[in-house]
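Just below is one structure, and these are the notes that go with it.
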Amino acid sequence: MEKHYAVIGHPIEHSLSPAMHNAGYQALELDIEYQRFHVEPDRLTEAVEGLWALGFSGWNVTLPHKEKIISLLDTLTPQARRAGAVNTVKIYEGQKIGHNTDGDGFVRSIEGELNGFMGKKAVLLGAGGAAKGIAIALAEQGMHLHILNRTTDKAEALVQVIQREGGTATSGVFAPGDWLGDVDLLVQTTSAGLHGEPFPFSVQGISEQALVVDIIFNPWETSFLQEAKQQGCRTLNGLGMLLYQGALAWEFWLGGQAPVEAMHKALQEQLSPRMSSKA
């Protein structure tokens, strides 16, 4: 019997999740189809009811629905509860279960580059939904976090969440500072650079030992990453996070191990024009 999964969001037209997941299903010859649905913010309740009525086995959730969908679900996993956001829903024994794979997916995407997390310093730029999942996952790995946001109240609220979970974190203003010379991991989680515009501030003077990550992958290399590379830093865009949050969603739904290589290849094929333009 064919299973159905999907991703819902607004906008959703450019989502790479269908290509990634369907390639994985085909690689293992599974009778599963993954679709995408454009869901306006004021139609979320109807969309969830519709997916339920149509017998979908689960779905991914992207912007702007990750927080609003919580009230429509029956239960949350610890990861979703801590993050206060859901990016994956599974139907199990008549229950709609909300889960969050963003943070753990991010950790998986960088662990080969960072050479350990415990006791190292991470600076997060932004304190929105994406930052929250990443921050909590990094704190669980034993990193010391410094969170910078345009509205410091939001950064401080995230600091308090991390501290309640037993992590260590501080907040600050969204600007360069002494932290640049003493950071192991710098993560850009805002939408700055999404449309090719310059980043709001310079990272000149950053430690050459730092790993610098921008969770944006379109454009393939933002101005933020370009400057970090010029400073001698190792850089990563958000493709790895997309891949591994998808792989973890797969494993939450189906069990077993996701075919990461097939899923990665599908993403590369979708993105090859952008990648070659930056080669």
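Using this note's numbering, you'd call the opening residue of the sequence shown number 65 and step up by one each time.
No residue lacks a Cβ here, since even glycine has one placed at the ideal position from N, Cα and C.
For clarity, every value in this text was computed on a predicted model and none was experimentally measured.
Whole-number beta carbon distance between residue j and residue i, since they are thought to touch under 8 angstroms
{"i": "D248", "j": "K184", "result": "4 angstroms"}
{"i": "A330", "j": "A87", "result": "3 angstroms"}
{"i": "L250", "j": "E177", "result": "The Cβ separation is near 12 angstroms, so there is no contact."}
{"i": "S135", "j": "G304", "result": "Actually they do not touch by this definition, with Cβ atoms about 31 angstroms apart."}
{"i": "H129", "j": "F316", "result": "With 8 angstroms as the limit, H129 and F316 do not qualify as a contact, their Cβ atoms being about 18 angstroms apart."}
{"i": "Q295", "j": "Q268", "result": "7 angstroms"}
Sheet register partners of residue i (DSSP bridge)
{"i": "D278", "result": "Q252"}
{"i": "F101", "result": "I72"}
{"i": "H208", "result": "K185, T232"}
{"i": "Q159", "result": "Y156"}
{"i": "K67", "result": "I96"}
{"i": "V223", "result": "Its beta-bridge partners do not exist; DSSP assigns none."}
{"i": "T299", "result": "V276"}
{"i": "V171", "result": "None; V171 has no bridge partner."}
{"i": "N124", "result": "V71, T152"}
{"i": "T139", "result": "I161"}
{"i": "N213", "result": "V237"}
Beta-carbon proximity check, residue i vs residue j, cutoff 9 angstroms
{"i": "A313", "j": "N213", "result": "no"}
{"i": "V71", "j": "R100", "result": "yes"}
{"i": "Y98", "j": "P75", "result": "no"}
{"i": "A191", "j": "S235", "result": "yes"}
{"i": "F209", "j": "T253", "result": "According to the sequence shown, residue 209 is Leu rather than Phe. No, the Cβ-Cβ distance between L209 and T253 is not below 9 angstroms."}
{"i": "G169", "j": "L306", "result": "yes"}
{"i": "I161", "j": "V153", "result": "yes"}
{"i": "S287", "j": "G319", "result": "no"}
{"i": "A326", "j": "Q90", "result": "yes"}
Nearest residue (CA-CA) to residue i, options the options
{"i": "G206", "options": "I226, G158, S266, E333", "result": "I226"}
{"i": "R146", "options": "R228, E315, H129", "result": "R228"}
{"i": "L202", "options": "N179, G231, A219, A221", "result": "G231"}
{"i": "I133", "options": "V103, L244, E220, G158", "result": "V103"}
{"i": "G45", "options": "H328, I280, L92, G320", "result": "The chain is shown only over 65 to 343; residue 45 falls outside these bounds and no answer can be derived."}
{"i": "E93", "options": "S336, S79, E66", "result": "E66"}
{"i": "D106", "options": "G73, W284, G119", "result": "G73"}
{"i": "G119", "options": "T139, E157, R298", "result": "E157"}
{"i": "P283", "options": "A322, D95, L300, G257", "result": "G257"}
{"i": "N265", "options": "Q273, P323, E285, A239", "result": "As written in the sequence, residue 265 is Phe, which differs from the Asn given in the question. For F265, the nearest C-alpha among the options comes from A239."}
{"i": "W243", "options": "E131, V223, I211", "result": "I211"}
{"i": "Q332", "options": "M84, Y69, E77, I200", "result": "M84"}
{"i": "G241", "options": "A233, T216, D217, I270", "result": "I270"}
Contact test: residue i Cβ vs the ligand FAD heavy atom, cutoff 8 angstroms
{"i": "I133", "result": "Annotation note on the ligand FAD: not contained in the displayed structure, which lists no ligands."}
Test: residue i CB closer than 9 angstroms to a CB of chain D
{"i": "N179", "result": "Here there is only one protein chain, and chain D is not present."}
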